[in-house]
Amino acid sequence: MFFDTHAHYDDRRFNEDRHELLMSIHDAGVSLILNSASSLRSAKFSLDLADKYPFVYASVGVHPHDAKSMTDATISELEQLLSHPKAMAVGEIGLDFHHNFSPPDVQKKRFRQQMELARHVGKPVIIHERESLTDTLATIRDFRDLSGVFHCFSGSWETAKIILDMGWYLSFTGVITFRNARHAIEVVSKMPADRILIETDCPYLTPEPKRGQRNSSLCLPYIAEKVAQVRGISVEDAAALTMENGKRFFGIDS
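This is how it looks when you write it as structure tokens:
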């Protein structure tokens, strides 16, 4: 049984078949899904999904792309949503200096506010980082009491060690099935077994051999297979390992 620890079923690309797809995914052996928010709207949508489907959980947070739309009142709204029993984390939050859809100084302000919120409510954080490593690390070093995961990790082993030494987790997508995924493969092979998570980030980052198609949790076994191959274990063991890690990280008892 698999745990997709980062998905976006609030995305409009699932509007036509969301219910049917989620039910088929569960029947196919993906027993848990964490739907990760990127805005206030998607946080509410994610919690609605969690209410409707027993196997779906949610995170609540504002992605750096949407940081420019935040106000101080947004933090209060997020805090209210985080009181939901199936709101398991604050995220995805962080910094993205590749697109800069929000000004960097605004991203930094709202990232820090959401880290402070996570500390206040006692929830782990899901980090989005792109071309912003120095500033991201500088921020999270001020919150060493928090538990966190760098989602869609594709950085170097040197970077991974910094994150792992803080007791944090790393999550891997279909990118590890790509031919040029050398850094991520090295990290998967070297990192502690109890800190690995897997995710689809669907509808994005579809793994081989389905690359080019819309991604969904049905593709999660391909990622687990790659983890198993790299670490020299069975797919069943990779699934069990990442399931246990995901439930521990998010505090899911079921």
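Mind the numbering: the sequence shown is residues -1 to 252 in this note's numbering, read in order. Glycine residues also receive a C-beta, built at the ideal position from the N, C-alpha and C atoms. Small disclaimer: the values here were computed from a predicted structure and weren't measured.
Backbone secondary structure at A236 - three-state DSSP: Helix, per DSSP.
Length at least 4, wholly inside the segment 135 to 192: the alpha helix (DSSP H) runs in chain order: Complete alpha helix (DSSP H) runs here, min 4: 155 to 163, 180 to 188.
Given S169 as reference, the closest of F176, D70, A182, I160 once Cα atoms are compared: Of F176, D70, A182, I160, the residue nearest in Cα terms is A182.
Collapsed DSSP secondary structure at T198 in the structure displayed: For T198, the secondary structure class from DSSP, reduced to helix, strand or coil, is coil.
Close-in-space but distant-in-sequence residues of the same chain around A65 (CB under 7 Å, 5 per side omitted): Around A65: S100, V104, Q105, R108.
V60 - DSSP class collapsed to helix/strand/coil: Residue state, collapsed to three classes: coil.
Residues near F43 in its chain [Cβ-Cβ closer than 6 Å; skip 5 each side]: Within the same chain, F43 has close Cβ partners D8.
Given E75 as reference, the closest of L38, R246, Y51 once Cα atoms are compared: When each option's Cα is compared against that of E75, the closest is L38.
Span of the beta strand (DSSP E), counted from its first residue to its last, around A87: Counting along the chain, the beta strand (DSSP E) containing A87 begins and ends at 85 to 94.
Residue environment, D2, which counts as buried when at least 16 other CB atoms sit within 10 Å: Buried is the label assigned to D2, since at least 16 other Cβ atoms lie within 10 Å of its Cβ.
Residue range of the beta strand (DSSP E) that includes R10: From DSSP, R10 is part of no beta strand (DSSP E); its letter is neither H nor E.
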